[in-house]
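*Asks:* Residue numbers (UniProt numbering): 1 to 630. To start, I am sharing the structure in question, which I have written as structure tokens.
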């Protein structure tokens with residue numbers, strides 16, 4: 001069925017649509033209905049069914065005779081390690097770990113915190129929790145001790161599963177000292193820790209409290225899958241960039257299974273057995289939905305990649321992995337493609353690899369600028385699909401669903417809303433704005449299966465953060481517009497819409513202009529305080545590798561471009577060339593922190609920052625263009 005027919009079918013009868021999608025999942029007790037309205041803006045999906053995540057991701061494929069099919073490919077260009085794990089192997093490994101956790105007292109509803117790098121054992125730990133009904137909370141490996149402590153206190157885990165270390169290009173990050181410091185700092189004390197000792201760095205163990213990952217599993221009885229209620233939490237995932245009390249996004253078991261399974265074919269255009277690669281990390285929502293759960297539930301091979309888009313060893317590493325492992329669908333962040341494009345602007349490294357298996361590329365995490373999409377389309381000759389979603393939603397709000405129909409691509413747009421999402425653009429008065437006008441993007445309640453039903457132990461905060469601004473709607477926190485064809489344009493976070501002399505302007509629109517300059521590899525625009533205009537835009541430019549033109553010439557050219565394409569109303573006069581932009585580990589640019597630096601305000605080091613030293617470079621650059629208090 002074409003996209004519009006599918007979307008219309010959902011809108012005409014959401015209950016029937018989602019019950020039909022639910023039929024593709026193995027249930028212990030099938031649900032009698034899809035939606036339960038709990039009132040006050042709270043909803044649950046498939047609540048009266050019983051089901052098990054691990055059965056659907058692992059065991060059912062073995063039972064169907066696909067035990068010898070490869071479930072996980074591990075590829076670490078940093079260590080040189082590679083391996084393949086079949087569904088049968090994965091079942092054995094996960095059942096043993098789950099049995100060991102259960103023997104140590106972990107039961108249904110207990111929380112287990114997972115603190116691991118990009119290795120297969122991270123997925124095994126997630127699946128082992130799901131097998132016995134434990135609720136996992138994955139924290140990005142190498143996260144600072146104080147932030148890890150905050151999450152330990154919020155989730156109150158009975159156990160922690162961690163690795164001794166993580167690997168970064170040129171260095172080893174010791175995890176165990178960070179974990180020990182976090183437990184020392186936290187009020188809550190986990191009963192025990194399970195530590196995977198990696199060859200590159202072993203960790204000292206605390207007798208009676210720390211167990212060796214492999215020794216811990218010796219002699220245990222493998223655990224069977226425990227059916228849980230459809231509304232039983234599968235995991236808690238803390239949103240990136242949180243300060244103070246973290247926001248723990250809850251994901252219910254059944255809704256996640258149904259929604260993610262539906263997306264694999266409808267959106268990502270893969271059949272069971274195809275190789276799907278999301279180049280992300282298990283610490284982020286993409287790692288949950290599309291490294292671990294989505295591909296395995298659907299019967300795809302998933303890739304666990306321990307490397308970087310550049311530097312492990314070069315800007316061709318993505319293409320090497322795709323070629324070697326015959327990847328069908330590839331999912332990465334725009335910031336990763338921009339890094340590759342910056343190092344290899346002519347796409348020379350792409351020519352070294354056979355990419356005939358690759359059918360499509362998907363981008364999410366940051367707004368995908370048209371220039372990067374055009375570069376990838378030109379050099380890779382496959383559809384390059386921008387799609388938009390959030391940690392909170394767990395899967396795409398808007399996308400081009402290639403498995404249903406390839407919609408015409410409009411550069412700068414993640415295309416159209418997916419079934420389950422009734423997306424509207426609202427003005428500050430809460431009423432819809434005309435097509436083409438900028439406004440707050442909201443989604444009419446209820447949200448579809450697989451999205452957050454609440455925050456962990458914080459229902460009132462959930463309501464105030466997401467449901468209060470526009471009653472009857474979920475507030476996305478993003479600003480954008482919709483065109484006459486129903487295509488969405490995500491222009492900025494609501495906080496990044498700047499007010500220049502009374503005109504509300506999108507930083508995303510300005511970034512689109514800057515990125516179109518042939519020498520600019522990546523860019524960001526912020527709104528700095530201005531005594532006369534309220535705010536004025538400031539641009540930051542990262543140039544392509546090998547560019548030797550004077551920075552002041554490029555700045556003059558981009559200022560002229562913005563003035564020509566957006567107009568004098570943008571008041572865009574200041575830009576500066578920098579070596580790199582401050583980002584979270586998931587690739588989001590820390591624009592809010594950059595604004596605070598420009599305005600000379602006190603600011604807190606973001607918990608998820610990739611490299612704190614970049615902020616000093618930003619402050620120095622701002623001073624060169626007149627921001628003396630930076």
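Glycine residues also receive a C-beta, built at the ideal position from the N, C-alpha and C atoms. Everything numeric in this text was worked out from a predicted model, so none of it was measured.
By DSSP, does residue 121 sit in helix, in strand, or in coil?
*Replies:* In the structure shown, residue 121 sits in a helix (DSSP, three-state: H, G or I).
*Asks:* With burial defined as no fewer than 16 other Cβ atoms inside 10 Å of the residue's Cβ, what is the status of residue 264: buried or exposed?
*Replies:* Result: buried.
*Asks:* If we count Cβ pairs, one from each stretch, closer than 8 Å, do we get three or more for the stretch 301-318 versus the stretch 364-371?
*Replies:* No, the stretch 301-318 does not touch the stretch 364-371.
*Asks:* Judging by CA-CA distance, which residue of 440, 341 and 625 is the nearest neighbour of residue 519?
*Replies:* Closest option to residue 519, Cα to Cα, is 341.
*Asks:* Is residue 431 helix, strand or coil by DSSP?
*Replies:* Of the three classes helix, strand and coil, the one that applies to residue 431 here is coil, per DSSP.
*Asks:* I'd like the ranges of any beta strand (DSSP E) spanning at least 3 consecutive residues and lying wholly in the stretch 263-289.
*Replies:* Whole beta strand (DSSP E) segments, 3+ residues: 275-278.
*Asks:* How many Å lie between residue 424 and residue 470 at the Cα?
*Replies:* Each residue's alpha carbon lies about 11 Å from the other.
*Asks:* Can you give the Cα-Cα distance for residue 207 and residue 184, rounded to whole angstroms?
*Replies:* Taking the straight line from one Cα to the other gives about 16 Å.
*Asks:* Got a sec, what are the start and stop residues for the beta strand (DSSP E) residue 576 sits in?
*Replies:* From DSSP, the beta strand (DSSP E) with residue 576 extends over 574-577.
*Asks:* Among the candidates 397, 430 and 428, whose CA atom is the shortest distance from the CA of residue 417?
*Replies:* Looking at the Cα atoms, 397 is the closest of the given residues.
*Asks:* Quick one: what's got a C-beta closer than 7 Å to residue 128's C-beta in the same chain, skipping five residues either side?
*Replies:* Excluding positions up to five away in sequence, the list reads 94, 97, 98 and 101.
*Asks:* Taking 7 Å as the cut-off, is the beta-carbon of residue 529 closer than that to any non-hydrogen atom of the ligand ATP?
*Replies:* Only the bare structure without any ligand can be found here, which leaves the ligand ATP out of the picture.
*Asks:* Roughly how many whole angstroms lie between the Cα atoms of residue 110 and residue 247?
*Replies:* Roughly 19 Å between the two C-alpha positions.
*Asks:* DSSP state of residue 111, grouped into three classes?
*Replies:* Correct three-state label for residue 111: strand.
*Asks:* What's the call for residue 225, buried or exposed, on a 16-neighbour Cβ count within 10 Å?
*Replies:* So residue 225 counts as buried.
*Asks:* Using C-beta distances below 6 Å, list every residue in its chain close to residue 241, excluding the 5 sequence neighbours before and after it, in chain order.
*Replies:* Interpretation of residue 241 is limited by its pLDDT of 42, a score under 50 that renders its predicted location unreliable; the figure taken from the coordinates is listed afterwards. 606 and 608.
*Asks:* Taking the C-alpha atoms as reference points, what is the distance between residue 364 and residue 565?
*Replies:* If I take the Cα positions, the gap works out to 26 Å.
*Asks:* Count Cβ pairs between the stretch 566-577 and the stretch 542-556 that sit closer than 8 Å; are there 3 or more?
*Replies:* The answer is yes - the stretch 542-556 touches the stretch 566-577, with three or more Cβ pairs under 8 Å.
*Asks:* Buried or exposed: where does residue 431 fall if 16 or more other Cβ atoms within 10 Å of its Cβ makes it buried?
*Replies:* Exposed, because fewer than 16 other Cβ atoms sit within 10 Å of the Cβ of residue 431.
*Asks:* For residue 487, does the three-state DSSP call read helix, strand or coil?
*Replies:* Coil, per DSSP.
*Asks:* What did DSSP end up calling residue 212 once you bin it into helix, strand or coil?
*Replies:* In this structure, residue 212 counts as strand in the three-state DSSP scheme.
*Asks:* In terms of alpha-carbon separation, which member of 581, 69, 47 and 180 lies closest to residue 613?
*Replies:* Closest option to residue 613, Cα to Cα, is 581.
*Asks:* On the DSSP letters alone, give me the boundaries of the alpha helix (DSSP H) that residue 594 sits inside.
*Replies:* Element bounds for residue 594: 591-598.
*Asks:* Kindly indicate which three-state DSSP category residue 441 falls into: helix, strand or coil?
*Replies:* Note: residue 441 maps to strand in three-state DSSP.
*Asks:* Which residues does DSSP pair with residue 360 in a beta bridge?
*Replies:* Paired residue(s): 329.
*Asks:* Going by alpha carbons, who is nearest to residue 493 out of 505, 229 and 256?
*Replies:* Looking at the Cα atoms, 505 is the closest of the given residues.
*Asks:* Which value, in whole angstroms, describes the spacing of the CA atoms of residue 437 and residue 482?
*Replies:* The alpha-carbon atoms of residue 437 and residue 482 are separated by roughly 8 Å.
*Asks:* What did DSSP end up calling residue 89 once you bin it into helix, strand or coil?
*Replies:* The answer is helix: DSSP assigns residue 89 an H, G or I state.
*Asks:* What's the call for residue 569, buried or exposed, on a 16-neighbour Cβ count within 10 Å?
*Replies:* Residue 569 should be labelled exposed.
*Asks:* Report buried or exposed for residue 257, applying the criterion of at least 16 other Cβ atoms within 10 angstroms of its Cβ.
*Replies:* Per the 10 Å Cβ criterion, buried.
*Asks:* Roughly how many angstroms separate the alpha carbons of residue 640 and residue 126, rounded to a whole number?
*Replies:* The structure shown does not extend to residue 640, since the chain spans only 1 to 630, so no value can be given for it.
*Asks:* Using the rule of at least 16 other Cβ atoms within 10 Å of the residue's Cβ for burial, across every protein chain shown, is residue 243 buried or exposed?
*Replies:* A caution first: residue 243 carries a pLDDT of 43, below 50, which makes its placement in the model unreliable, though a value can still be read off. The residue is exposed, with fewer than 16 neighbouring Cβ atoms inside 10 Å.
*Asks:* In three-state DSSP terms, what is residue 474?
*Replies:* Strand.
*Asks:* Just to confirm, is the Cβ distance from residue 301 to residue 119 under 8 Å?
*Replies:* Not closer than 8 Å, so no.
*Asks:* So which of 357, 108 and 104 has the shortest CA-CA distance to residue 52?
*Replies:* Residue 108 is the option with its Cα nearest to residue 52.
*Asks:* Would you call residue 307 buried or exposed, if buried means 16 or more other Cβ atoms sit within 10 Å of its Cβ?
*Replies:* So residue 307 counts as buried.
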